[in-house]
Every structure is written in C-alpha cells, then in structure tokens.
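Participant:
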Amino acid sequence: MYILGISAFYHDSAAALLKDGSIIAAAQEERFSRQKHDATFPRQAIDACLTQAGIPLAAVDRVVFYDKPFLKFERLLETYLTFAPRGFASFSKAMPVWLREKLFQKDLLIKDLKKMEPGVKWADRIRFSEHHLSHAASAFYPSPFDEAVVLTLDGVGEWATTSVAIGRGATLEILREIHFPHSLGLLYSAFTYHAGFRVNSGEYKLMGLAPYGTPRYADLIRQHLIDIKDDGSFRLNQDYFDYCTGLTMTNGRFAELFGHPARRADHDPLEQVHMDMAASIQQITEEVVLRLTRSLAAETGIKNLCLAGGVALNCVANGKILTDGAFENLWIQPAAGDAGAALGAAQVCYHMGEDGPRQPSQGKDTMQGSYLGPAFTDAEIEQRLTAVGARFHCLDETALISQTAQALADQKAVGWFQGRMEFGPRALGGRSILADPRGRETQKTLNLKIKFRESFRPFAPSVLREHLTDWFDLPTDSPYMLLVATVAEHRRRTLGSDEQALQGLDLLSAARSEIPAATHVDHSARIQTVDADTNPRYHALITAFHALTGCPIVVNTSFNVRGEPIVHTPEDAFRCFMGTGLDVLSIGNMILHKSEQDPALAKSYEQAFALD
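When we follow our numbering, the leftmost residue of the sequence shown carries the number 2, and every step to the right adds one.
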C-alpha cells in the first residue's frame with residue numbers, strides 16, 4: 002500500500018511517501034520552487050517522491066492532508082467572536098481567503114491532484130489527520146522506541162498548541178492538549194517579532210542571540226505574560242499580544258512593558274536589550290519545557306520521550322531536557338515543523354486508519370539519516386554542470402575525499418553536494434557548506450562573505466561519532482543536529498582578562514576553544530554526530546580531515562545563502578558556488594575550483610534573496 006502525506010497552504014509545504022509503512026521519500030516544496038517556506042500545493046515534491054518510488058500518482062492508495070481545515074476555521078471564527086469588535090481588520094482580511102479557498106481544501110486538493118492525474122476518483126482516496134496528531138505520529142512512529150511519551154509544541158494547529166500522547170507499538174493516543182491562544186510557540190514568536198526577525202523563520206536567530214544577553218526580563222515575563230504551573234501547563238495574558246485579532250504579534254502594551262518598541266530590521270541595530278530579551282524568553286521556554294517533561298516522566302513512569310512541532314527545533318531546550326534526565330532516552334523528529342507533519346499524516350493513516358503493523362526498530366530510528374530527498378547520478382551531474390559552463394575534474398571517490406579534505410585543511414570553504422537531499426531544515430552532510438573549525442576567522446568569513454547573514458549566527462560541528470565524548474559533553478548520538486551541548490573542558494581556551502570583560506556582540510572576537518568556529522560564546526555547540534553506516538562518504542571526508550589535522554570535526558552549515566532554500570540541483574549548487582565566497586565545490590565525483598571558473602559566470606548572490 003502506498004500512502005502520500007501532504008502539508009500545504011500555510012507554510013513549509015511538503016510531501017512524504019510510504020510503502021507498506023516504510024518511508025520511501027520526503028521533501029519540501031521550497032527546494033524545488035526556490036521560494037523559502039513555500040506554502041503552495043507541493044506538486045514538485047510529490048513528483049520527486051513518486052520518482053524515487055518508481056510509480057505513477059495513480060498507484061497511490063491514500064492521500065492524507067496533515068490537518069483539518071474545518072476545525073481551524075472554527076477556531077478562527079470563535080476567536081474573532083470572543084474578541085469582537087477588536088480585530089475587524091484582520092477578520093475582514095482573512096475571511097475572503099478562507100471562504101474562497103481554505104475552507105474547501107478537499108475540493109482544492111482534488112483539483113490539484115486531478116491536474117497531475119486526471120483519471121482517478123480522488124475524493125475516495127483523500128483522508129485528513131489532525132495537526133498535532135500528525136506531529137505526534139511523525140515523532141513516535143519513526144523513533145527507535147516501542148513505548149514513549151510524545152510531546153508536541155508549536156504555534157497552533159487547529160486548536161491545540163501543545164499535546165501529550167502515549168505511543169505503544171502501533172498505537173498512539175493523545176491524552177491532553179493546551180489550546181489556542183495559549184501557545185509557547187507563539188510566545189517565542191512574539192519575541193522573535195519584537196527583535197526584528199521574521200516570524201516562522203527567525204526563531205532560530207533569537208535562540209542564537211540569547212547567549213549574548215542576560216535573562217534580566219525573565220521575572221517580568223513571568224509576572225505579566227505567562228502563568229506557568231508546576232506541571233508545565235501555562236496560560237498567556239492576551240493583554241500584551243495582538244496575534245488573536247491583529248496583524249502583528251505584539252501590541253503597544255508589550256512595548257511599554259519592556260520599554261522598547263519593536264525593532265525594525267532594516268533600520269535599527271541589534272542592541273543589548275534585544276539580546277537580554279532573547280536570553281529571557283529562552284530561559285522561560287526552557288522552564289516550561291522542563292516542567293512539562295519532569296511532570297510527564299513522573300506521571301507515566303515511561304523512560305522514553307519523543308518530540309515534534311516547531312518548538313522541538315529549539316535545540317538548546319532539547320539539550321536541557323537530555324541533561325535534566327527526567328527521561329532516559331530522547332528522540333526528536335528531524336523535520337519537526339509543519340513539513341514533517343506530511344510524514345506524520347501518512348503514518349497516522351497507515352498505522353491508525355489502515356491498522357498497518359509497525360516494523361521492529363532494532364534500536365534505530367527509521368528516518369534513514371533524514372536523507373529522503375532526490376539524488377543525482379554522476380552522469381546527470383556531469384551533463385548539468387557542462388550545460389551551465391562549469392569547469393570540473395572527474396575523480397574517483399578516494400581522490401575526491403583526499404582533495405576535499407586537503408582544501409578544508411587549507412582553510413578553504415567547500416560546497417558539499419552528495420547523495421540524497423535532506424528532509425527538514427538542517428543540512429546533514431548531503432547539501433552542506435563545510436569549513437575548518439579551527440580557524441579564528443572562519444565564523445566571520447562564512448557569515449559575511451558566503452551566507453550574507455548576521456555575524457552572531459553560530460555554526461554546527463559535524464563530529465565523527467567515535468570521537469564525540471573527547472570533544473563534547475554529550476553522552477548520546479545527535480545525528481540530526483537537534484541537541485546543544487558544551488565543548489569538553491579540556492578543549493576550551495582560557496580567556497584573558499580583557500576578553501572576559503567583553504559584552505554583547507563583542508564577545509565574538511574571543512576564541513572559546515580549539516574549534517572557535519563551532520563554539521558559541523557560552524561554550525556550547527549544536528552537534529551533529531556522523532557515523533559510517535548512515536553517511537559513509539561524509540564520514541570518510543571527516544576521517545581524512547582528521548588524518549591531516551588531528552581534528553575529527555568540520556564546520557557544517559546549510560548550502561545556501563540567507564533567505565534561499567537549501568540547494569536542490571547541481572545548477573543550484575553551481576550558482577551559489579559562483580555567487581559567494583566558496584572556494585571549492587565537491588559534487589558527486591566532480592570537484593570544482595573557483596580559480597578555474599569563467600569569471601563571467603559569477604553573479605552576486607548577496608541581494609538575490611529576501612531577508613529571512
């Protein structure tokens with residue numbers, strides 16, 4: 002049985018395909034359309050999944066949408082009625098779209114599917130899951146656990162913003178929920194908005210900014226914005242927010258509370274107040290999550306925890322859950338946001354709708370390293386690179402690994418395009434930009450000359466699994482770059498008195514460890530462990546780099562510039578290579594050197610995409 006899961010029409014549209022419960026493929030539409038967070042019907046992502054399976058769309062037995070539009074419309078109406086007459090402008094803007102399109106999403110889905118495959122009666126094959134059930138399924142069913150507590154936290158689905166479920170074998174039951182407008186995700190997004198970052202995109206910037214500040218507003222947040230109970234349940238004071246009825250996240254009272262208006266990203270500099278607010282809301286987020294996890298562990302006695310929903314991408318909070326130890330084991334869906342809910346929707350249908358069995362995990366998850374997108378053969382890569390005028394050398398794998406490792410050891414920035422594209426927001430060694438973590442200027446160079454983004458943004462270390470504990474205080478695997486831990490004490494650098502006195506973004510100038518490019522200002526790092534079974538070529542590259550330098554780690558960031566989706570095709574990779582400060586591109590068994598390329602093909606990428 003083939004089941005196709007779809008998320009669409011809000012943000013981060015995606016498709017995922019199961020065959021008899023096994024994951025065949027999954028991809029986000031943005032990678033194909035080149036529109037960040039593309040919300041349109043994921044036709045190209047669907048095509049990619051079908052191509053991977055080698056089947057036509059007509060062979061799909063079920064198509065499952067990731068939430069229920071009528072429930073979402075009910076929430077919209079009830080919210081406006083509750084707050085009326087406030088919010089009429091927002092109401093009048095939203096209603097025409099709902100009445101024209103979103104309310105009739107089954108008809109819209111049928112129409113889009115018929116464009117792709119007209120000879121099928123799609124009305125008989127379409128199913129709908131609930132939003133948080135889709136998230137929960139995406140977290141539990143691919144996990145390595147036979148039994149687990151499943152916690153999902155995001156902005157809002159239909160009504161739920163937080164849900165708790167129990168998974169056992171092939172069963173999954175949601176026990177309780179926290180409902181809109183009380184939302185940890187929306188609270189975090191309110192601070193994202195106030196700091197001048199884009200909601201649903203810039204939350205990770207706020208998380209990265211937090212270590213530059215002190216949480217001096219945490220008590221103020223507790224007193225005025227959120228009431229946190231001992232078990233982690235919470236309520237938000239709507240007097241300070243505008244997301245229920247307005248067109249912004251916060252209102253004037255919010256600005257007055259913190260003594261500072263919302264920052265305008267295109268005009269106002271980042272100041273210490275923004276860093277302190279980031280540190281404060283990060284502390285509150287961790288407090289809520291830890292109270293939730295501690296109470297759930299005590300209540301259920303279950304040893305395993307699964308996480309999904311947008312808040313589960315807060316890898317700092319995830320690291321705190323792990324070290325807190327209330328649960329012995331933790332697994333986080335790598336595509337934790339709405340894109341991953343496409344996969345969850347398909348799994349809801351298979352396991353809960355069709356009573357499909359769950360395959361034994363044998364101690365490993367079934368996400369296949371999250372390498373679930375398309376791949377290109379060497380012949381395809383060679384043809385595509387030739388067509389765009391690239392100059393390249395064809396090598397065997399040994400030579401490719403050797404030359405790429407040497408380039409990294411020579412402090413060159415490398416574009417790395419290998420195997421299947423990753424599913425989810427993280428580049429995991431399939432579509433990555435790599436660099437030497439030992440360089441003191443590496444972080445600045447990558448941010449300003451290659452990524453064209455804010456200087457404070459940290460970079461992740463990809464470390465050989467067998468060397469993990471020698472470099473980081475992390476006792477478990479982190480294959481999906483979703484856990485933050487500190488650099489091991491003996492790898493840290495002692496700061497001078499002048500460096501210890503630095504504050505704010507000036508902290509960037511002080512190297513914190515032997516790998517300064519991958520160490521944040523609080524000695525933390527967002528770690529990816531790399532093993533030879535999951536990604537043998539990436540493991541071989543880091544092993545070769547280790548042999549040259551004594552360092553079993555490379556810096557890994559996504560292969561794109563700010564505002565651009567991660568590259569999908571060899572042409573995307575070449576354009577990014579030519580439009581940025583990248584020195585080398587390793588793609589399939591081809592290697593390209595910037596110095597050998599036609600300068601006429603170089604086009605500046607700095608203004609090619611809108612700010613994210």
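Ideal Cβ placement from N, Cα and C applies to all residues, glycine included.
Predicted, not measured: the structure shown is a model, and the values here were computed from it.
With distances taken from CA atoms, which of Tyr194, Glu329 and Tyr67 is nearest Ala149?
Facilitator: Comparing Cα positions, the closest option is Glu329.
Participant: Go ahead and pull the three-state DSSP assignment for Thr52.
Facilitator: Thr52: helix per DSSP, three-state reduction.
Participant: So, are the CB atoms of Leu173 and Met2 less than 8 Å apart?
Facilitator: The answer is no: Cβ separation not under 8 Å.
Participant: When you compare each of Ile24, Ala15, Leu19 and Ala26 to Ser34 by their alpha carbons, which one comes out closest?
Facilitator: For Ser34, the nearest C-alpha among the options comes from Ala15.
Participant: Mind checking whether Thr405 and Val585 have CB atoms under 8 Å apart?
Facilitator: Yes.
Participant: Per DSSP, which one or two residues make a beta bridge with Glu614?
Facilitator: The structure shown does not extend to residue 614, since the chain spans only 2 to 613, so no value can be given for it.
Participant: With three or more beta-carbon pairs closer than 8 Å as the criterion, would you say the segment 520-534 touches the segment 404-422?
Facilitator: As far as the Cβ criterion goes, the segment 520-534 does not touch the segment 404-422, which means the pair count is below three.
Participant: Identify the continuous beta strand (DSSP E) that holds Ile285 and give its terminal residues.
Facilitator: First-last for Ile285: Gln273 to Thr301, but that is the alpha helix (DSSP H), not the beta strand (DSSP E).
Participant: Hey, out of Ser463, Asp499, Ala574 and Gln504, whose CA is closest to Ala541's CA?
Facilitator: Here the closest residue by C-alpha is Ser463.
Participant: Tell me, please, which residues DSSP counts as bridged to Gly168.
Facilitator: Paired residue(s): Ala149 and Leu173.
Participant: Measuring alpha carbon to alpha carbon, tell me which residue in Phe235, Thr215, Gly209 and Tyr194 is nearest Asn252.
Facilitator: Out of Phe235, Thr215, Gly209 and Tyr194, Tyr194 has the C-alpha closest to the C-alpha of Asn252.
Participant: Could you pull out every residue in the same chain whose Cβ sits closer than 6 Å to the Cβ of Trp123, ignoring the five residues on either side in sequence?
Facilitator: The answer, listed in chain order, is Ile111 and Leu114.
Participant: Within a Cβ cutoff of 7 Å, which residues of the same chain sit near Gly320, ignoring the five residues on either side of it in sequence?
Facilitator: Hits under 7 Å: Leu484, Val485 and Ala486.
Participant: Distance, Cα to Cα, Gly6 vs Ala346?
Facilitator: Approximately 5 Å between the Cα atoms of the pair.
Participant: Should the segment 130-146 be regarded as contacting the segment 330-339, the criterion being three or more beta carbon pairs within less than 8 Å?
Facilitator: Output reads yes: the segment 330-339 touches the segment 130-146.
Participant: Within 10 Å of its beta-carbon, does Ser498 have 16 or more other beta-carbons around it, so buried, or fewer, so exposed?
Facilitator: Exposed.
Participant: What does the alpha-carbon distance come out to for the pair Val415 and Pro571?
Facilitator: The straight-line gap from Cα to Cα measures roughly 14 Å.
Participant: Counting only runs that start and end within the segment 205-279, where is the alpha helix (DSSP H) found for 4 or more residues in a row?
Facilitator: If we require 4 residues or more, the alpha helix (DSSP H) runs fully inside the segment 205-279 come out as 219-225 and 253-259.
Participant: Quick one, are the C-beta atoms of Lys452 and Val562 less than 8 Å apart?
Facilitator: A contact, by the Cβ cut-off of 8 Å.
Participant: With distances taken from CA atoms, which of Arg427, Ser362, Leu401 and Leu344 is nearest Arg63?
Facilitator: Closest option to Arg63, Cα to Cα, is Leu344.
Participant: What are the partner residues of Val349, as DSSP defines its beta bridges?
Facilitator: Its beta-bridge partners do not exist; DSSP assigns none.
Participant: Assuming Ala512 contacts Arg458 under a Cβ cut-off of 8 Å, what Cβ separation, rounded to an integer in Å, is found between them?
Facilitator: Their Cβ separation, rounded to whole angstroms, is 17 Å, which puts Ala512 and Arg458 out of contact at 8 Å.
Participant: Could you tell me whether the segment 220-230 touches the segment 273-290, using the rule of 3 or more Cβ pairs below 8 Å?
Facilitator: Cβ pair count under 8 Å is three or more, so yes.
Participant: Sort Gly233, Ile24 and Thr558 by Cα distance to Val165 and report the nearest one.
Facilitator: Out of Gly233, Ile24 and Thr558, Gly233 has the C-alpha closest to the C-alpha of Val165.
Participant: If you compare alpha carbons, which of Ile543, His268 and Thr535 is closest to Thr399?
Facilitator: When only C-alpha atoms are compared, the closest one is Ile543.
Participant: In this structure, does DSSP put Ser456 in helix, strand or coil?
Facilitator: In this structure, Ser456 counts as coil in the three-state DSSP scheme.
Participant: Please name the residue or residues paired with Tyr372 in a DSSP beta bridge.
Facilitator: DSSP lists Glu423 as partners of Tyr372.
Participant: Assuming Ala266 and Phe198 form a contact by the criterion Cβ under 8 Å, report the distance between their Cβ atoms to the nearest whole angstrom.
Facilitator: The pair is a contact, with the Cβ atoms about 7 Å apart (cut-off 8 Å).
Participant: Does the beta-carbon distance from Ala340 to Asp13 come in below 8 Å?
Facilitator: Yes; because the gap between Cβ atoms is below 8 Å, this pair is in contact.
Participant: Just the C-alpha distance for Asn238 and Leu248, rounded to the nearest angstrom, thanks.
Facilitator: Those two C-alpha atoms are separated by around 18 Å.
Participant: Could you tell me how far apart the beta carbons of Val200 and Ser190 are, in whole angstroms, since I believe they sit closer than 8 Å?
Facilitator: 5 Å between Cβ atoms; contact.
Participant: What are the complete beta strand (DSSP E) segments, minimum 3 residues, inside the segment 496-564?
Facilitator: Listed in chain order, the complete beta strand (DSSP E) runs (minimum 3 residues) inside the segment 496-564 are 525-531 and 554-559.
Participant: Is the beta carbon of Ala279 sitting closer than 8 Å to the one on Leu187?
Facilitator: No, these two residues do not count as a Cβ contact at 8 Å.
Participant: Where does Thr399 sit, in a helix, a strand or coil, going by DSSP?
Facilitator: Helix, per DSSP.
Participant: Can you give the Cα-Cα distance for Ile322 and Ile588, rounded to whole angstroms?
Facilitator: Rounded to whole angstroms, Ile322 to Ile588 spans 37 Å at the Cα level.
Participant: Check the C-beta distance from Ala196 over to His275 and give it rounded, since I have them as a contact under 8 Å.
Facilitator: Contact holds; Cβ gap of about 5 Å.
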